[in-house]
Amino acid sequence: MELRVAVASSDGIVVDQHFGRAERFGIYRFTGGNWQHLEDRFSRPACAGQEHDDGPLERTADLISDCRGVAVSRLGSGAIDLLISRRIFPFVLELPVPEALAVLQNSKLLTRFINQ
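Below, the structure written as structure tokens:
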């Protein structure tokens, strides 16, 4: 079975975007022991400073609904609750994308999806 994850990155090199402020998510698939970049998906950010609107936050979660994990540089408690309720596990990782993907690959939360 394959595993899909989303990575919030402004440049595709480093995880550097807050979940609610991310404009781009790289979608990666783990299959056959390797990660493959599938596409970039673009979002209109839900947060403006400390305020956010739940509608756009939900649309952002919808955008990555086929993913089981998301790597971000930051996220708030409301986003955590929303993502977990949709079975998308959030990871706060300010790392280069390949290192972040390695962390996700080794996560006990996600390995059960890889091994199904």
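Residue numbers (our numbering): 7 to 122. Positions of the beta carbon are idealized from the N, C-alpha and C atoms, including for glycine. Note that the structure is a prediction, hence the values are computed from the model and not measured.
Contact under 8 Å by Cβ, residue i with residue j
| i | j | result |
| --- | --- | --- |
| P96 | L107 | no |
| R30 | L44 | no |
| S79 | D17 | no |
| V98 | S15 | no |
| A85 | P51 | no |
| V13 | A77 | yes |
| E64 | L101 | no |
Through-space distance from residue j to residue i, alpha-carbon basis
| i | j | result |
| --- | --- | --- |
| R10 | G32 | 10 Å |
| L69 | Q42 | 19 Å |
| G75 | S83 | 16 Å |
| D72 | S91 | 13 Å |
| Q111 | G61 | 30 Å |
| E8 | G26 | 26 Å |
| L184 | I94 | Examination of residue 184 is not possible in this model, given that the chain is present from 7 through 122 alone. |
| G38 | A67 | 27 Å |
| E105 | T117 | 16 Å |
| V109 | R47 | 22 Å |
Reduced DSSP secondary structure (H/G/I, E/B, other) of residue i
| i | result |
| --- | --- |
| R35 | strand |
| D46 | strand |
| P96 | strand |
| A12 | strand |
Residue range of the beta strand (DSSP E) that includes residue i
| i | result |
| --- | --- |
| V103 | Looking at the DSSP string, V103 is not in any beta strand (DSSP E); the run it does join, the alpha helix (DSSP H), is V103 to Q111. |
| V78 | G75 to V78 |
For residue i, the first and last residue of its enclosing alpha helix (DSSP H)
| i | result |
| --- | --- |
| G84 | S83 to S91 |
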